[in-house]
Amino acid sequence: MRLNVSLNRQVVLVASYLRVVHFPQLTNVMSHENNSFFALKSILKKYKLNNTNFLEWHRNLKIVLKFAKKHYVLEDPVPNEPEGNTAAAHKACDKHNADAIEVACLMQATMSSDLQKNMEDMSAFDMI
């Protein structure tokens with residue numbers, strides 16, 4: 001376990017070094033993208049889904065997900081298994097699954113408590 005923590009710390013230090021010393025222009029871009037994404041997510045938190053505002057909430061959700069490049073999880077269900085037995089197919093399937101979980105959590109976090117309870121075991125695709 002200690003080896004993993006040390007290795008993770010080294011990876012973070014190297015990434016920080018490369019970003020600051022060799023590619024300083026990336027620091028501002030990454031910071032700006034994170035700030036923009038958090039600002040967009042705050043829109044969803046401000047207008048939580050209740051029983052009367054689905055269209056407005058859904059429109060805001062699509063804006064946030066398009067910015068994060070995760071809107072596809074609302075349009076395509078998570079595949080049960082990868083198409084093909086290649087590393088790329090497995091990687092794409094894993095990414096789709098991870099993105100779907102992240103989007104489902106975001107969606108549930110921006111719902112009223114009653115709706116959260118009704119949809120806690122649903123995927124993002126199934127919620128819509």
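Going letter by letter, the sequence shown gives residues 1 to 128 in full-length UniProt numbering. Where is the CB? At the ideal position from N, CA and C, for every residue including glycine. A quick note: this is a predicted structure, and the numbers were derived from the prediction, not measured.
Legend entry - At least three beta-carbon pairs within less than 8 Å, the region 90-101 to the region 44-57: no
Legend entry - Extent of the continuous alpha helix (DSSP H) run through S113: S113 to M119
Legend entry - Where the alpha helix (DSSP H) through I63 begins and ends: F54 to F67
Inset, instruction - Inspect the beta-carbon positions of F125 and P79 and report whether they are closer than 8 Å. - result: no
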